[in-house]
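First to last, the protein sequences are chains A and B.
Using full-length UniProt numbering, you'd call the opening residue of the first sequence number 1 and step up by one each time.
Using full-length UniProt numbering, you'd call the opening residue of the second sequence number 1 and step up by one each time.
Beta carbons: idealized from backbone N, C-alpha and C, even for Gly.
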Amino acid sequence: MNSSKAQNTLALTKLNLRHDWLKIVLWILGLAGLMAVAAAKFGGIYGTQKAMNTIAETLRTPAMVSLLGPFTATKPYTTAMIYGSEMMVFMGLFAAMMNLYFAVHATRAQEDTGTSELLLAHAVGRQSPLLAAIAELAIINVAAGVIEALGLQAANMPGADAAGNWLFGLGLAAFGFMFGTFALLFSQVVSNARSATILSYSWLGILFVARMGADIQDPDLTWWTIFGWIEKMELYTNNVWTPLALMLGMSVIVLAVTIALAASRDIGAGLITPRAGRARASRFLQGPLSLLARLERTSTWIWLIGMFLLGVSYGSIFGTVGDLAKANPTLSKLLGGAGTDAANKAIILAMANKLAIIFVVVATIPALLTILRLNNDEKKGYLELQHAAPISRLRLFASFAGHGLVVGSLSFLLALVGMVVAGASSATVTISAARYLRGFVGFWPALLVVCGIGALLVGLLPRLQSLVWILPIYGVISLYLGPLLDFPTWATRLTPYGWVNEVPVKAIQWAPVGWMTALACVLFVLGYLAYRRRDLTMN
Amino acid sequence: MMADVLTIDHLQKKFGKFEALKNISFSIHQGEVFGFIGPNGAGKSTTIRTLLGILKPTAGTATIFGEDAWAEAVGIHKRIAYVPGDVYLWPNLTGGEVIDFLLRLNGEAHSEKTDALIKKFDLDPTKKARTYSKGNRQKVALIAAFSSDAELYIFDEPTSGLDPLMEEVFQEEVLALKAAGKSVLLSSHILSEVERMCDRIAIIRQGEIIEIGSLQAMQQLSRSTVHVATTQDLSAIKQLPAVHQFTAKSATQATFSVDADQLGAVMTALTPLGITQLQSTPPTLEDLFLRYYNQEGDGHEQQ
Ligand SMILES: Nc1ncnc2c1ncn2[C@@H]1O[C@H](COP(=O)(O)OP(=O)(O)OP(=O)(O)O)[C@@H](O)[C@H]1O
Ligand SMILES: [Mg+2]
Numbered sequence: 001m002n003s004s005k006a007q008n009t010l011a012l013t014k015l016n017l018r019h020d021w022l023k024i025v026l027w028i029l030g031l032a033g034l035m036a037v038a039a040a041k042f043g044g045i046y047g048t049q050k051a052m053n054t055i056a057e058t059l060r061t062p063a064m065v066s067l068l069g070p071f072t073a074t075k076p077y078t079t080a081m082i083y084g085s086e087m088m089v090f091m092g093l094f095a096a097m098m099n100l101y102f103a104v105h106a107t108r109a110q111e112d113t114g115t116s117e118l119l120l121a122h123a124v125g126r127q128s129p130l131l132a133a134i135a136e137l138a139i140i141n142v143a144a145g146v147i148e149a150l151g152l153q154a155a156n157m158p159g160a161d162a163a164g165n166w167l168f169g170l171g172l173a174a175f176g177f178m179f180g181t182f183a184l185l186f187s188q189v190v191s192n193a194r195s196a197t198i199l200s201y202s203w204l205g206i207l208f209v210a211r212m213g214a215d216i217q218d219p220d221l222t223w224w225t226i227f228g229w230i231e232k233m234e235l236y237t238n239n240v241w242t243p244l245a246l247m248l249g250m251s252v253i254v255l256a257v258t259i260a261l262a263a264s265r266d267i268g269a270g271l272i273t274p275r276a277g278r279a280r281a282s283r284f285l286q287g288p289l290s291l292l293a294r295l296e297r298t299s300t301w302i303w304l305i306g307m308f309l310l311g312v313s314y315g316s317i318f319g320t321v322g323d324l325a326k327a328n329p330t331l332s333k334l335l336g337g338a339g340t341d342a343a344n345k346a347i348i349l350a351m352a353n354k355l356a357i358i359f360v361v362v363a364t365i366p367a368l369l370t371i372l373r374l375n376n377d378e379k380k381g382y383l384e385l386q387h388a389a390p391i392s393r394l395r396l397f398a399s400f401a402g403h404g405l406v407v408g409s410l411s412f413l414l415a416l417v418g419m420v421v422a423g424a425s426s427a428t429v430t431i432s433a434a435r436y437l438r439g440f441v442g443f444w445p446a447l448l449v450v451c452g453i454g455a456l457l458v459g460l461l462p463r464l465q466s467l468v469w470i471l472p473i474y475g476v477i478s479l480y481l482g483p484l485l486d487f488p489t490w491a492t493r494l495t496p497y498g499w500v501n502e503v504p505v506k507a508i509q510w511a512p513v514g515w516m517t518a519l520a521c522v523l524f525v526l527g528y529l530a531y532r533r534r535d536l537t538m539n
Numbered sequence: 001m002m003a004d005v006l007t008i009d010h011l012q013k014k015f016g017k018f019e020a021l022k023n024i025s026f027s028i029h030q031g032e033v034f035g036f037i038g039p040n041g042a043g044k045s046t047t048i049r050t051l052l053g054i055l056k057p058t059a060g061t062a063t064i065f066g067e068d069a070w071a072e073a074v075g076i077h078k079r080i081a082y083v084p085g086d087v088y089l090w091p092n093l094t095g096g097e098v099i100d101f102l103l104r105l106n107g108e109a110h111s112e113k114t115d116a117l118i119k120k121f122d123l124d125p126t127k128k129a130r131t132y133s134k135g136n137r138q139k140v141a142l143i144a145a146f147s148s149d150a151e152l153y154i155f156d157e158p159t160s161g162l163d164p165l166m167e168e169v170f171q172e173e174v175l176a177l178k179a180a181g182k183s184v185l186l187s188s189h190i191l192s193e194v195e196r197m198c199d200r201i202a203i204i205r206q207g208e209i210i211e212i213g214s215l216q217a218m219q220q221l222s223r224s225t226v227h228v229a230t231t232q233d234l235s236a237i238k239q240l241p242a243v244h245q246f247t248a249k250s251a252t253q254a255t256f257s258v259d260a261d262q263l264g265a266v267m268t269a270l271t272p273l274g275i276t277q278l279q280s281t282p283p284t285l286e287d288l289f290l291r292y293y294n295q296e297g298d299g300h301e302q303q
């Protein structure tokens, strides 16, 4: 490559790192800390061979395989083997998310705000912002990988060896980097940060679900799902390094394509050139709510359809999950026909509970994105013209809050409906839709409360509103991994998701449903009152 | 006074400890084009945002149509139109969609006038806002404002991105509003525009109004520049108290400035010296502006 195109890449990289250092440190410490703490706790929880045999049985069930990836270790088990198979997929998901964020942030987001244009006017090469983004991602991932490996070394789990620890850390780094390069590629294709993020997450979601299906059907197929490479490292058993090479190879290919694409497009534009639109507004576009619906149209459809398909893909494995006769023929024979049915039903319902948690947390994302958008659009200046129109602050606030809540709630409901529909056709036992939908009634108020907290921050502390993301992130960690990590009860109750009982296994507890809904209403009202009293522009 | 469409009374606005507006008072009469000028960061946009109820006053009041700008924002907004200095539009909407949307928010509809304005401002309404230049984004807001039937129009540096041709169109439209008896608040850095269109002007500096009135009144309060040539030595003129900045080209040729109200007295002193050439120019708005703007540095001795 011509050196003038890459001029000042190094300076730019430093600038990015200096600008993002706090976010980088928080992400890395979060990931490495989670791994190290979990590793330190595993020795206590899964210290005995008996405990390990029990958890290994659980991890081999299709339900757990679908959530966490396959368990391939053979007896005698070590704590590290259990750890490796429980944590790999989960950590991979987080590493990928971190990289998607930084990749879009360092490229498209900068172009959107005009920062790139400012930089390119100086002695900065045309390709430098992209190269600097690549360098930033590489540095972040290497740092994260090394720190994670050192954390594992320090935790010193029984059965862990240096090779496994380093493979885990560096494997995550390569995995994360690979998803970072995907996001860089998507950032070239579309013309703004929002679309790049949507595209990247859709891709991650598709690969994740494909991996899940492959793991259940035929683990050999998992090789084709890209996401599944992370499982093929067989941590602490065979410590296979091939997947890591594959990830790096894939990254190089994707980067080559990305750089070629970047060379052939203009700053601020995407490869897909925007078409001319309509000269007049449709009759539908009447006020802030219909405007928001119009602006969010594409992403709303993606969320609703994506969540439904996520539900379908999980529901469709209920047949495999709840098939005790196949998974454990001896036990099944022992229980008899009715007993086996009851056991199958219990397994499926327990899985439906876990899924409800995942669905509600994921459905919180579109809801919060829209609620926080009120201030984000303000910052970008989009709302100034609207403020001079006869639109009350209540109407504006309610439009964003209402749209977010409706899309979040529908996403959640559709995921469960998808699960019910696919579950009904795949499962061998019949469970009524009403039973499954206890999950909706039970967890929906938690969604409301989290959104209410978001709305309160929007009104009261606009600069700190992003803090609300801690709730879904910690929620999924505490409830997904909490039971495996033996979290104390209070630690699982730190987020509203933890205030819900085990629906649909158990009956709905109406009291928490009632007071959580009431609490959510109060939070929204307080958020509005704060919003009404303050300056709108807070730059 | 009931004839005032807008009254600002001892308005103050603090951002944390920073006092963006220290003490702002002025009013705009019915049917008047009111100019609002001042250096960058003086507080023009802050004043306007307070008028629109976007910012909450720290102290003092702003009333429009006799109603409080903060408390009655929604009611007031039905009767005003606004164009900000930096127009940011939702990137996915076309200019045409934004225009229609803004009109509808005000309970109005796309009219023949809208089409005429789109043509006049030479805007392609089918393009996505993402692809518009700064000037084109401004045109979108201007077209929506001019085609709506408001009583008070507020413009905050509306022409900062327009080319001279479009600037001309803008001025025509404002003059048409004036002819129709509408009131206009125009904040601008383009002083010729203000000079040409505004009935009265307020100059703001560091959050305070330092001068207010018609251009003539301001010129009256200020100094005219005089170029003069005489047959006899005129160096004695320098000693007159009303004469400032006296520079002599030769013994019989000089340039100096005179307090506007003392021009007559200075003429009387010059006449006996045999005037051969005389040129007196009132200060332009730019002179006034620069003078006020520089006040902090050397203003006091000049005063
Ligand atoms: N939200 C805010 N928070 C803190 N300070 C602000 C805020 N908005 C404006 N300011 C400050 O208040 C002062 C006045 O700003 P304002 O935008 O009103 O100036 P202006 O007269 O419109 O200038 P210009 O001619 O550059 O548009 C500036 O110093 C600005 O930095
Ligand atoms: Mg301004």
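Chain A within 7 angstroms of residue i, Cβ atoms only
| i | result |
| --- | --- |
| Phe36 of chain B | no |
| Leu21 of chain B | no |
| Leu123 of chain B | no |
| Gly96 of chain B | yes |
| residue 320 of chain B | Residue coverage of chain B in this structure runs from 1 to 303, which leaves residue 320 of chain B outside it and unanswerable. |
| Tyr132 of chain B | no |
| Ile74 of chain B | Looking at the sequence itself, residue 74 of chain B is Val, so the reference to Ile does not match. So yes, Val74 of chain B belongs to the interface. |
| Lys78 of chain B | yes |
| Pro84 of chain B | yes |
Cβ neighbour criterion (16 or more within 10 Å) applied to residue i
| i | result |
| --- | --- |
| Ser257 of chain B | buried |
| Arg275 of chain A | exposed |
| Lys326 of chain A | exposed |
| Gly337 of chain A | exposed |
| Pro504 of chain A | buried |
| Asp215 of chain A | buried |
Minimum Cβ-Cβ distance from residue i to chain B less than 7 angstroms
| i | result |
| --- | --- |
| Ile283 of chain A | It is worth fixing the name first, because residue 283 of chain A is Arg in this sequence and not Ile. So, not an interface residue. |
| Tyr382 of chain A | yes |
| Arg108 of chain A | no |
| Arg373 of chain A | no |
| Gln286 of chain A | yes |
| Leu292 of chain A | no |
| Met1 of chain A | Legend: pLDDT at Met1 of chain A = 43, less than 50; position of this residue unreliable, no value from coordinates given. |
Proximity below 7 angstroms, CB of residue i to CB of residue j
| i | j | result |
| --- | --- | --- |
| Phe186 of chain A | Ala196 of chain A | yes |
| Ile230 of chain A | Met88 of chain A | yes |
| Ala163 of chain A | Asn239 of chain A | yes |
| Leu285 of chain A | Ser128 of chain A | no |
| Gly164 of chain B | Val83 of chain B | Correcting the residue type first, residue 164 of chain B is Pro in the shown sequence and not Gly. No, the pair does not count as a contact, with Cβ atoms beyond the cut-off. |
| Met98 of chain A | Trp27 of chain A | yes |
| Thr50 of chain B | Thr7 of chain B | no |
| Arg200 of chain B | Ser222 of chain B | no |
| Pro70 of chain A | Pro288 of chain A | no |
Cβ contact (3+ pairs, closer than 8 angstroms) linking the segment 385 to 392 of chain A and the segment 72 to 91 of chain B: Taking 8 angstroms as the limit for Cβ pairs, the verdict is that the segment 72 to 91 of chain B does touch the segment 385 to 392 of chain A.
Meets three-Cβ-pair contact criterion under 8 angstroms: the segment 516 to 531 of chain A and the segment 350 to 366 of chain A: No: fewer than three Cβ pairs fall under 8 angstroms.
Selection of the segment 297 to 320 of chain A by Cβ proximity to chain B, strictly under 8 angstroms: Under the 8 angstroms Cβ criterion, the segment 297 to 320 of chain A contributes no residue.
Members of the segment 513 to 539 of chain A that neighbour chain B once the beta carbon cut-off is set at 8 angstroms: Of all residues in the segment 513 to 539 of chain A, only Arg533, Arg534, Asp535, Leu536 and Thr537 come within less than 8 angstroms of chain B when Cβ atoms are compared, listed by chain position.
Cβ contact (3+ pairs, closer than 8 angstroms) linking the segment 530 to 539 of chain A and the segment 146 to 155 of chain B: With contact defined as three or more Cβ pairs closer than 8 angstroms, the segment 530 to 539 of chain A and the segment 146 to 155 of chain B are not in contact.
Chain B contacts made by the segment 177 to 195 of chain A, where a contact means CB separation under 8 angstroms: Within the segment 177 to 195 of chain A, the residues whose Cβ lies closer than 8 angstroms to some Cβ of chain B are Ser191 and Asn192, listed in chain order.
Where the segment 98 to 109 of chain B meets chain A: residues whose CB sits under 7 angstroms from a CB there: Taking 7 angstroms as the Cβ-Cβ cut-off against chain A, the residues of the segment 98 to 109 of chain B that qualify are Asp100, Phe101, Leu102, Arg104, Leu105 and Asn106.
Three-pair Cβ contact test at 8 angstroms for the segment 467 to 480 of chain A versus the segment 492 to 499 of chain A: Yes, since at least three Cβ pairs between the segment 467 to 480 of chain A and the segment 492 to 499 of chain A fall closer than 8 angstroms, the two stretches touch.
Contacting positions in the segment 449 to 466 of chain A - beta carbon closer than 9 angstroms to chain B: So nothing in the stretch comes that close.
Interfacial residues, the segment 389 to 411 of chain A to chain B, with Cβ spacing under 9 angstroms: Those would be Ala389, Pro390, Ile391, Ser392, Arg393 and Arg395, in chain order.
Inter-stretch contact (C-beta, 8 angstroms, three-pair minimum) for the segment 299 to 314 of chain A and the segment 119 to 138 of chain B: Judged by Cβ distances under 8 angstroms, the segment 299 to 314 of chain A makes no contact with the segment 119 to 138 of chain B, as fewer than three pairs qualify.
Chain-ordered residues of the segment 44 to 59 of chain B with a beta carbon less than 8 angstroms from chain A: For the segment 44 to 59 of chain B, residues whose beta-carbon sits nearer than 8 angstroms to a beta-carbon of chain A comprise Arg49, Leu52, Gly53, Ile54, Leu55 and Lys56.
Three or more C-beta pairs below 8 angstroms linking the segment 347 to 363 of chain A and the segment 439 to 457 of chain A: When C-beta atoms of the segment 347 to 363 of chain A are compared with those of the segment 439 to 457 of chain A, three or more pairs fall below 8 angstroms, so the two segments count as touching.
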